[in-house]
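Take a look at the structure below.
Protein chains in written order, with my numbering: chain S, 12 to 146; chain Y, 272 to 780.
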């Protein structure tokens, strides 16, 4: 199977940028990052069918199984994947908006466990210090 | 007949989910519709299991397109068995949710709950039945989209925070899944699992290993195995208890099923993957259960035990023997039922005490002795006390591990026994803090307007009945353990001979 270098590089850049944005603290950037990652994955799926070619219709030049026609299966799969990405992105945006309404900021909230550990530390420090204070 | 009945567990809930949206103002009709749909699901799943066990894998080619091009639905022993168990669990959780909803009278969230729950049921059924890798991705998405709505059903700050983590992690896994499917297609030119199984065998070892490990990472995120589990205890406990119960029982197990299916069918008997699986199994068991020991919140504690016990299923798979796989399947069946039951009972405890914090509860055995019994039986089963189902499933796995005799397998046997003991400790800790001791004051509901009503002395009969039904279901696994173990052994033998599956799919086309 031959690949297309331009498309392969585009896939790589989309993954890199998507991953970078996903690691940010701002929710909108996380959402955008997931969108870009999704585009990268869809492009890769499209490319897995091999090089572009003629229309895979019965009756078209070359016929459905003739040489030089495009592989229609990855295109059908990409369409499905795009629809799914679209729906989930819409839900994610709604949720990010809800988070903004509730908390007033656009940041990823702290982890519950982290917050508990952070809260516990001063207490424990206080517990070890206190007897000395009393002396 | 099979052409109609095999797609039914997928198509029927999707159709009735649509109807359910139309009926959102008629609560009674909506409830009746959901119960009816899931009851039909149980009957059909039971029949499919019978057919798969007596006549071999049942196969339907959707739309009449022949196998490598079209989408095949396959019900072999493993998928039919898990389909039946999940249908039973979905039904009992639905009854519990109806009991809770009727008691609390929350109209708006309930109207959304029913359609989403049915879509979830359809997604789970499709994931078990599909014989096509891309269709498996669609099944995961159907299931996950429904679960996104269910986990944020309440729309409060905690749910949105937890839901965000859950959705971002799931989406990342889905993106990896699409990538893996693309690479499999690029390498083999097919996404039909039976067809891919034949063509993957012709690939160079390195390429095949890379594809296998990539799919393992994807399903590992869904199944919450060792380095990829941290999203689970953070997101599950915030949802309403019926939702958490069904997620805990089924969603991770769909990931486990996908791991078992792909590793046995597409990448059979790879030594590298086998040792990776056994190592991950040990780490998952130990880290999961150690996490559970230090929790103060009952639901968080139970969420960590899910992670710990996923390790047992990986352990059985990593052995790649009939006994090991049979133990893994039996463990999956046991764990689906028992973990769901524990979360249902945790919901009842929280409702009664007003909190799921262990340090703020106490003396519940004096005020609610029935709850104490309902908690104790599945808790002991999870820890593996004979003669309950957990003991039988663990015994099967440990015997398979010692029969294997490899160093990693013996380490995993040790980890399995340690995890079992630590589970008993965690369950006993819950017992002594929640049920023994002084009767604690009921904590008043911090937010009386949300979907979860707590701190109520009276437990609705339907909720209690549904939880009791689940407990009895767990007990009956030990009663039918003999025939069930014979069935899982036959299913395991099928898995180790992928040629039968491949032939069934490709010949019917």
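Even glycine gets a Cβ: it sits at the ideal position worked out from N, Cα and C.
None of the values given here were measured: they were computed from a predicted structure.
Within chain Y, partners of residue i - CB distance below 8 Å
i            : result
residue 55/S : 449, 450, 453, 454
residue 66/S : Under the 8 Å cutoff, chain Y gives no residues; its nearest Cβ is about 18 Å from residue 66/S.
residue 85/S : 453, 456
residue 45/S : 439, 442, 443, 446
residue 19/S : Those do not exist, as residue 19/S stays about 11 Å from chain Y at its closest Cβ, beyond 8 Å.
Neighbour list for residue i in chain Y, Cβ cutoff strictly below 9 Å
i             : result
residue 114/S : 428, 431, 432
Partners in chain S for residue i, counting only beta-carbon separations shorter than 7 Å
i             : result
residue 412/Y : 95
residue 523/Y : Residues of chain S passing the Cβ test: none, with the nearest at roughly 19 Å.
residue 423/Y : 106
residue 419/Y : 102
Chain S contact residues for residue i, given Cβ-Cβ distances below 8 Å
i             : result
residue 626/Y : Chain S residues near residue 626/Y: none, gap ~15 Å exceeds 8 Å.
residue 558/Y : Correct list: empty, because the minimum Cβ distance to chain S is about 14 Å.
residue 438/Y : 99, 102, 103, 106
residue 409/Y : 91, 95
residue 381/Y : Chain S residues near residue 381/Y: none, gap ~20 Å exceeds 8 Å.
residue 405/Y : 88, 91
Candidates the options: closest to residue i by CA position
i             : options                    : result
residue 425/Y : 510/Y, 385/Y, 414/Y        : 510/Y
residue 438/Y : 527/Y, 450/Y, 412/Y, 691/Y : 412/Y
residue 734/Y : 753/Y, 642/Y, 755/Y        : 642/Y
residue 54/S  : 16/S, 40/S, 130/S, 122/S   : 16/S
residue 354/Y : 334/Y, 320/Y, 596/Y        : 320/Y
residue 554/Y : 693/Y, 498/Y, 706/Y, 614/Y : 498/Y
residue 101/S : 427/Y, 714/Y, 324/Y, 442/Y : 442/Y
residue 607/Y : 335/Y, 487/Y, 372/Y, 517/Y : 517/Y
residue 456/Y : 115/S, 34/S, 125/S, 82/S   : 82/S
residue 23/S  : 450/Y, 339/Y, 561/Y, 668/Y : 450/Y
residue 570/Y : 448/Y, 655/Y, 611/Y, 656/Y : 611/Y
residue 732/Y : 514/Y, 356/Y, 368/Y        : 368/Y
residue 506/Y : 130/S, 128/S, 121/S, 129/S : 121/S
residue 557/Y : 337/Y, 359/Y, 687/Y        : 687/Y
residue 709/Y : 669/Y, 774/Y, 629/Y        : 629/Y
residue 325/Y : 332/Y, 331/Y, 317/Y        : 317/Y
residue 776/Y : 298/Y, 467/Y, 295/Y, 392/Y : 467/Y
residue 25/S  : 59/S, 41/S, 37/S, 52/S     : 52/S
residue 684/Y : 361/Y, 624/Y, 587/Y, 711/Y : 587/Y
residue 38/S  : 693/Y, 778/Y, 755/Y, 431/Y : 431/Y
residue 478/Y : 741/Y, 363/Y, 458/Y        : 458/Y
residue 480/Y : 542/Y, 464/Y, 428/Y, 463/Y : 542/Y
residue 360/Y : 739/Y, 752/Y, 762/Y, 778/Y : 739/Y
residue 623/Y : 303/Y, 454/Y, 730/Y        : 730/Y
Proximal chain Y residues relative to residue i, where beta-carbon distance stays under 7 Å
i             : result
residue 49/S  : 446
residue 122/S : 505
residue 129/S : Residues of chain Y passing the Cβ test: none, with the nearest at roughly 15 Å.
residue 81/S  : Here the premise fails: no neighbours, minimum Cβ distance about 14 Å.
Under 9 Å from the C-beta of residue i: neighbouring residues of chain S
i             : result
residue 435/Y : 38, 41, 103, 106, 107, 110, 119, 120
residue 416/Y : 95, 98, 99, 102
Those residues which DSSP pairs with residue i across a bridge
i             : result
residue 343/Y : 332/Y
residue 37/S  : 118/S
residue 463/Y : 403/Y
residue 628/Y : 568/Y
residue 158/S : The shown model of chain S, from 12 to 146, leaves out residue 158/S, and the question about it has no answer.
Taking a cut of 8 Å between CB atoms, which residues from the region 87-101 of chain S lie near chain Y?
88, 91, 92, 95, 98, 99
When the Cβ atoms of the region 303-315 of chain Y are set against those of the region 337-353 of chain Y, are three or more pairs found closer than 8 Å?
no
Pair every Cβ in the region 41-57 of chain S with every Cβ in the region 418-434 of chain Y, then say whether three or more of these pairs are closer than 8 Å.
no
May I ask you to verify whether the region 602-620 of chain Y touches the region 674-682 of chain Y, counting CB pairs closer than 8 Å and requiring at least 3?
no
Contact between the region 660-677 of chain Y and the region 523-536 of chain Y is defined here as three or more beta-carbon pairs at a separation below 8 Å; is this criterion met?
no
Counting Cβ pairs closer than 8 Å, one from the region 757-768 of chain Y and one from the region 587-596 of chain Y, do we hit at least three?
yes
Do the region 547-562 of chain Y and the region 385-403 of chain Y touch if we need at least three Cβ pairs shorter than 8 Å?
no
If you pair each beta-carbon of the region 530-544 of chain Y with each one of the region 573-580 of chain Y, do three or more pairs fall below 8 Å?
no
At least three beta-carbon pairs within less than 8 Å, the region 692-712 of chain Y to the region 481-497 of chain Y:
no
Assess, as a yes-or-no matter, whether the region 97-115 of chain S is touched by the region 292-299 of chain Y under the definition of 3 or more beta carbon pairs within less than 8 Å.
no
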